[in-house]
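Heads up, the thing below is written out as structure tokens.
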Ligand SMILES: NC(=O)c1ccc[n+]([C@@H]2O[C@H](COP(=O)([O-])OP(=O)(O)OC[C@H]3O[C@@H](n4cnc5c(N)ncnc54)[C@H](OP(=O)(O)O)[C@@H]3O)[C@@H](O)[C@H]2O)c1
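In my numbering, the protein residues as written are 5 to 276.
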């Protein structure tokens, strides 16, 4: 049993929603929030993984966990998540579910590219619209959006993904300007390279990109801590340096060219 509710539970409310909780950064958000005493609604497509996580967190922290099998690229998945929160004191929503199809833009089908937009852009927007009003009505709550350092400028061979993350960054900053005065905190966390299943894709060798890797639990811990203290978080000193270099030091087109060289190498698509 979580012996005492954390200050964050008192501030935000008793329940947290985490999308993409079946692996990587989302799963670590769920673990972090459960360790602080939040009850959870966790969503993803792989329900057996969510069930395992629910058992782990219930045993370790005594919290309630509702698992929602949901494909968030469609309305039915979004509605299932919203329905699971209908009767709870909603505290925090974390939109971590995301996908990418690295490589030359034309190599992936348009259906695949649109699914990336549906999951990375439309789903967080739908959840913000469906759940934000409830938080504003109650006068407390927090939203965490997961962007990416690749959203700071165009990234050749990851063009669509980087653009979806640019949307997330801008959207979250805008919402913060609207919602803070109603007691709802909004944070966008922009992780850099993080060791999760997302970077283990077939045909892509991210080790060809010089990077300082972070662990997903560190990203989640830093983001939860930053909620309510700031609106934008780039976790880890190397990522902060990279952000400074690509957004302040280098001319934008030089940043884009640099990323093009690196991602072209990682995907082998610069040879096409
Ligand atoms: N890893 C990195 O280097 C990195 C860097 C910057 C930003 N990010 C961002 O961090 C977030 C989490 O990614 P991650 O690195 O933790 O990757 P991950 O381990 O692959 O996790 C992705 C999560 O999204 C869920 N998901 C994928 N498609 C879905 C769908 N159609 N409907 C519902 N859920 C879906 C997956 O669950 P199911 O497959 O079970 O549905 C999984 O739980 C993403 O938004 C990603 O863009 C990652």
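Glycine residues also receive a C-beta, built at the ideal position from the N, C-alpha and C atoms. Note that the coordinates shown come from a computational prediction; the quantities given were computed from them, not determined experimentally.
- [ ] Count the other CB atoms, across all protein chains shown, that sit within 10 Å of the CB of residue 184; report buried if there are 16 or more and exposed otherwise.
- [x] Exposed.
TODO: Using the Cα positions of residue 258 and residue 27, report the straight-line distance between them to the nearest angstrom.
DONE: Going from the Cα of residue 258 to the Cα of residue 27 covers about 34 Å.
TODO: Mind checking which residues open and close the beta strand (DSSP E) that includes residue 277?
DONE: The chain is shown only over 5 to 276; residue 277 falls outside these bounds and no answer can be derived.
Open item on the list: For ligand 1, is there any heavy atom lying closer than 6 Å to the beta carbon of residue 21?
Closed with: No, since every heavy atom of ligand 1 falls outside the 6 Å radius drawn around the Cβ of residue 21.
- [ ] Decide yes or no for the touch test of the stretch 116-131 against the stretch 59-73: beta carbon pairs closer than 8 Å, at least 3 of them.
- [x] Segments in contact, no.
Open item on the list: Once the 5 residues before and after residue 218 are set aside, which same chain residues still bring their CB inside 8 Å of it?
Closed with: The answer, listed in chain order, is 195, 196, 197, 198, 199, 239, 240 and 243.
Task: Length of the line joining the Cα atoms of residue 33 and residue 40 - done: Residue 33 and residue 40: Cα-Cα distance of roughly 11 Å.
Task: Cβ shell of residue 98 (< 6 Å), same chain only, five flanking positions each side left out - done: Excluding sequence neighbours, residue 98 sits near 22, 33 and 148.
Task: Start-end ranges of the beta strand (DSSP E) lying completely within the stretch 47-91, minimum 3 residues - done: As far as the stretch 47-91 is concerned, its whole beta strand (DSSP E) runs of at least 3 residues are 69-73.
Open item on the list: Just to confirm the assignment, what range does the alpha helix (DSSP H) spanning residue 221 have?
Closed with: It spans 220-230 - the alpha helix (DSSP H) in which residue 221 sits, taken as one unbroken run.
Task: Span of the beta strand (DSSP E), counted from its first residue to its last, around residue 203 - done: Here residue 203 belongs to no beta strand (DSSP E), and DSSP marks it neither H nor E.
Open item on the list: For a quick check, are the C-beta atoms of residue 122 and residue 77 less than 7 Å apart?
Closed with: A contact, by the Cβ cut-off of 7 Å.
TODO: Look at the alpha carbon of residue 272 and the alpha carbon of residue 262, and state the distance between them as a whole number of angstroms.
DONE: In a straight line, the C-alpha of residue 272 is about 15 Å away from that of residue 262.
Open item on the list: What does the alpha-carbon distance come out to for the pair residue 207 and residue 144?
Closed with: Rounded to the nearest whole angstrom, the C-alpha separation of residue 207 and residue 144 is 44 Å.
Open item on the list: I need the straight-line Cα distance from residue 55 to residue 221, nearest angstrom please.
Closed with: If you take the alpha carbons of residue 55 and residue 221, they lie about 20 Å apart.
Task: Beta-carbon proximity list for residue 173, same chain, < 6 Å, skipping 5 on both sides - done: The residues are 151, 155 and 192.
TODO: Mind reading off the beta-carbon distance from residue 267 to residue 159? Whole number of angstroms is fine, and I expect it under 8 Å.
DONE: Right, their Cβ atoms sit about 6 Å apart.
Task: Segment contact flag, the stretch 130-141 with the stretch 94-108, C-beta cutoff 8 Å, min 3 pairs - done: Yes, since at least three Cβ pairs between the stretch 130-141 and the stretch 94-108 fall closer than 8 Å, the two stretches touch.
Open item on the list: Going by DSSP in three states, residue 181 sits in which element: helix, strand or coil?
Closed with: Residue state for residue 181 is assigned as helix, using DSSP reduced to three classes.
Task: Unbroken alpha helix (DSSP H) run spanning residue 140, endpoints - done: Segment 127-142, the alpha helix (DSSP H) holding residue 140.
Task: Endpoints, alpha helix (DSSP H) assigned at residue 266 - done: Note, residue 266: alpha helix (DSSP H), 256-271.
Open item on the list: Check this for me: beta carbons of residue 166 and residue 213, under 7 Å apart or not?
Closed with: Their beta carbons are not under 7 Å apart, which means residue 166 does not touch residue 213 by this criterion.
TODO: Could you check what DSSP says for residue 233 in three-state terms: helix, strand or coil?
DONE: Three-state DSSP puts residue 233 in coil, outside helix and strand.
Task: Distance between residue 131 and residue 62 (C-alpha atoms, nearest Å) - done: Roughly 25 Å separates the two Cα atoms.
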